[in-house]
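Take a look at the structure below.
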Amino acid sequence: MNQRISGILTPNITPVDAKGRVDEDTLRAYVDWLIERGVDGIYPNGSTGEFVRFSPQERRHIAQIVIDQAAGRVPVLAGAAEANTRETIEACEAYAAMGARAVAIVAPFYYRLSSEGVYAYFREIADAVSIDVTVYNIPLFASPIDVDTVIRLASECPRVIGIKDSSGDVPNMIRMIAAIRPMRDDFSFLTGWDTVLTPMLLVGADGGTNATSGVVPELTRAIHRACVAGDYATAVKLQYQLVPLFDTMISLGEFPAGFRAGARSRGWDLGSGRVTLSATQQEAVRRSQDQIDAMIRRVTDDSSDHQTRQASLPSETIESIVESVIRQLQVTRDEAR
136 MNQRISGILT PNITPVDAKG RVDEDTLRAY VDWLIERGVD GIYPNGSTGE FVRFSPQERR
196 HIAQIVIDQA AGRVPVLAGA AEANTRETIE ACEAYAAMGA RAVAIVAPFY YRLSSEGVYA
256 YFREIADAVS IDVTVYNIPL FASPIDVDTV IRLASECPRV IGIKDSSGDV PNMIRMIAAI
316 RPMRDDFSFL TGWDTVLTPM LLVGADGGTN ATSGVVPELT RAIHRACVAG DYATAVKLQY
376 QLVPLFDTMI SLGEFPAGFR AGARSRGWDL GSGRVTLSAT QQEAVRRSQD QIDAMIRRVT
436 DDSSDHQTRQ ASLPSETIES IVESVIRQLQ VTRDEAR
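At the far end of the sequence shown sits residue 472, using our numbering, and the numbering has no gaps.
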């Protein structure tokens with residue numbers, strides 16, 4: 136039985152040069168920087184990496200660079216979603232040959248499928264590939280993967296070894312963990328929605344694939360490690376640092392332009408990506424750069440020593456939040472029994 140994928144896996148931004156081409160040298164250096172700052176894995180070809188804006192050949196190239204540069208230091212979870220089942224299976228096999236630990240596959244997008252259609256899609260892939268699969272639930276952009284479908288896939292498909300959930304739905308995460316963990320201890324639960332990283336970890340998630348970890352890996356790592364250590368008060372305090380930064384970056388320009396601005400605050404010019412910004416949007420990004428710089432300085436200082444000097448909560452409030460979440464988890468588990 137495989138060990139669960141856990142910790143913070145960074146859905147890396149894809150660096151591009153002035154002509155919009157993948158900037159290999161910068162990507163390699165960026166991967167090193169992330170690993171040096173303690174991320175637990177890299178996730179190329181995710182939403183933050185703008186996978187739909189690159190060609191299939193470019194996606195293969197991006198994954199190969201990341202896998203090669205990681206060189207086994209951390210696992211690589213490669214985004215393998217393509218336009219149809221056959222091409223997705225081909226991508227999975229390509230990433231397996233490159234040495235990826237597993238692939239992440241978003242549910243079919245553009246055409247909204249029923250739950251039965253989503254199940255059939257993942258079942259066909261899982262039966263055909265030679266690499267472990269994590270299903271990627273992001274209902275904002277793709278067919279939703281409901282709880283019953285995840286449970287069904289976990290019970291019937293040994294190759295399906297986890298879920299990356301970007302819905303932010305904590306009760307549904309609890310339902311999945313309560314149903315799946317007793318039968319599949321190897322199944323990983325990862326959250327892709329930064330605003331609920333701490334709540335998801337508190338209820339039993341194994342880690343996160345969070346866009347902010349590509350900008351402030353120290354902060355997301357500190358949240359994860361605090362939860363693992365049972366230091367929930369610190370995790371909640373750090374979460375209150377994470378949310379305003381995430382909100383600022385995700386609302387700036389067109390996603391992920393704000394996260395590229397965040398990377399600039401850390402000294403990384405990763406280019407402008409492949410989405411066109413209007414002159415008004417470009418000016419908004421420029422105006423917001425100082426604000427993002429200041430926010431990032433503050434949260435990196437705070438996460439480095441687990442002290443939150445800004446936006447902290449009274450200890451009674453923190454304890455109340457933690458106790459409420461734990462009670463909810465306990466009730467759900469009791470009901471599941």
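No residue lacks a Cβ here, since even glycine has one placed at the ideal position from N, Cα and C.
Collapsed DSSP secondary structure at D304 in the structure displayed: For this step, residue 304 is matched to residue 169 along the sequence shown. Residue state, collapsed to three classes: coil.
Hey, out of D329, A370 and V270, whose CA is closest to F322's CA? Locating residue 322 in the sequence shown gives position 187, counting from the first residue. Of the listed residues, the one whose Cα sits closest to F322 is V270.
Just the Cα atoms here: how many angstroms apart are R395 and I240? Locating residue 395 in the sequence shown gives position 260, counting from the first residue. Locating residue 240 in the sequence shown gives position 105, counting from the first residue. Those two C-alpha atoms are separated by around 24 angstroms.
Under the assumption that L387 contacts A419 (Cβ atoms under 8 angstroms), give the Cβ distance between them as a whole number of angstroms. On the sequence shown, residue 387 is found 252 positions in, with the first residue counted as 1. On the sequence shown, residue 419 is found 284 positions in, with the first residue counted as 1. 7 angstroms between Cβ atoms; contact.
Pick out whichever of T435, A357 and Y367 has its Cα sitting closest to the Cα of G142. For this step, residue 142 is matched to residue 7 along the sequence shown. Out of T435, A357 and Y367, A357 has the C-alpha closest to the C-alpha of G142.
Do the stretch 162-181 and the stretch 197-210 make contact, defined as three or more Cβ pairs closer than 8 angstroms? yes
If you follow the beta strand (DSSP E) that I108 is part of, which residue opens it and which one closes it? One cannot answer for residue 108 here, as it falls past the ends of the chain, which runs 136 to 472.
Is G343 near L332, with beta carbons less than 7 angstroms apart? The residue given as residue 343 occupies position 208 in the sequence shown. The residue given as residue 332 occupies position 197 in the sequence shown. Contact: yes.
Same chain, Cβ closer than 8 angstroms to E225, five either side skipped, listed in chain order: On the sequence shown, residue 225 is found 90 positions in, with the first residue counted as 1. Here the set comprises E217.
Between which two residues does the beta strand (DSSP E) carrying L387 extend? Here residue 387 corresponds to residue number 252 of the sequence shown, with the count starting at 1. No beta strand (DSSP E) contains L387, which DSSP labels as neither H nor E.
State yes or no: is the C-beta of D267 within less than 7 angstroms of the C-beta of R294? Sequence index remark: in the sequence shown, residue 267 carries index 132 (1-based). Sequence index remark: in the sequence shown, residue 294 carries index 159 (1-based). Yes; because the gap between Cβ atoms is below 7 angstroms, this pair is in contact.
CA-to-CA distance, S413 to F257, given in whole angstroms: Walking along the sequence shown from the start, residue 257 turns up at place 122. Walking along the sequence shown from the start, residue 413 turns up at place 278. Answer to the nearest angstrom: the Cα atoms are 38 angstroms apart.
Residues of its chain near D158, where Cβ-Cβ distance is below 7 angstroms and the 5 sequence neighbours each way are ignored: Here residue 158 is taken as the residue at index 23 of the sequence shown, counted from 1. Closer than 7 angstroms at the Cβ level, and outside the excluded window around D158, lie P150, V151, D152 and G406.
Mind checking which residues open and close the beta strand (DSSP E) that includes D93? Nothing can be reported for residue 93: it is not among the residues displayed for the chain, which extend from 136 to 472.
First and last residue of the beta strand (DSSP E) that includes S250? Residue numbering aside, residue 250 sits at position 115 when the sequence shown is read from its first letter. Unbroken run through S250 is the alpha helix (DSSP H), S250 to A263; no beta strand (DSSP E).
Grab me the residues of R163's own chain with a C-beta within less than 7 angstroms of its C-beta, minus the 5 sequence neighbours each way, in chain order. The count along the sequence shown starts at 1 and reaches residue 163 at position 28. Answer for R163: I200 and Q204, listed in chain order.
Taking just the CA atoms, how far does S301 sit from A370? Here residue 370 corresponds to residue number 235 of the sequence shown, with the count starting at 1. Here residue 301 corresponds to residue number 166 of the sequence shown, with the count starting at 1. Answer to the nearest angstrom: the Cα atoms are 20 angstroms apart.
To the nearest angstrom, how far is it from the Cα of K154 to the Cα of D366? Locating residue 154 in the sequence shown gives position 19, counting from the first residue. Locating residue 366 in the sequence shown gives position 231, counting from the first residue. Roughly 46 angstroms separates the two Cα atoms.
Give a yes or no on whether the C-beta atoms belonging to I298 and V285 are separated by under 7 angstroms. Along the sequence shown, one-based indexing puts residue 298 at 163. Along the sequence shown, one-based indexing puts residue 285 at 150. In this structure, V285 lies closer than 7 angstroms to I298 by Cβ.
Are the Cβ atoms of G176 and P210 separated by less than 7 angstroms? For the purposes of this step, residue 176 is taken as residue 41 along the sequence shown, with counting starting at 1. For the purposes of this step, residue 210 is taken as residue 75 along the sequence shown, with counting starting at 1. Taking 7 angstroms as the Cβ cut-off, G176 and P210 qualify as a contacting pair.
Give the straight-line distance between the Cα atoms of D89 and G349, rounded to the nearest whole angstrom. The structure shown does not extend to residue 89, since the chain is modelled only from 136 to 472, so the question has no answer here.
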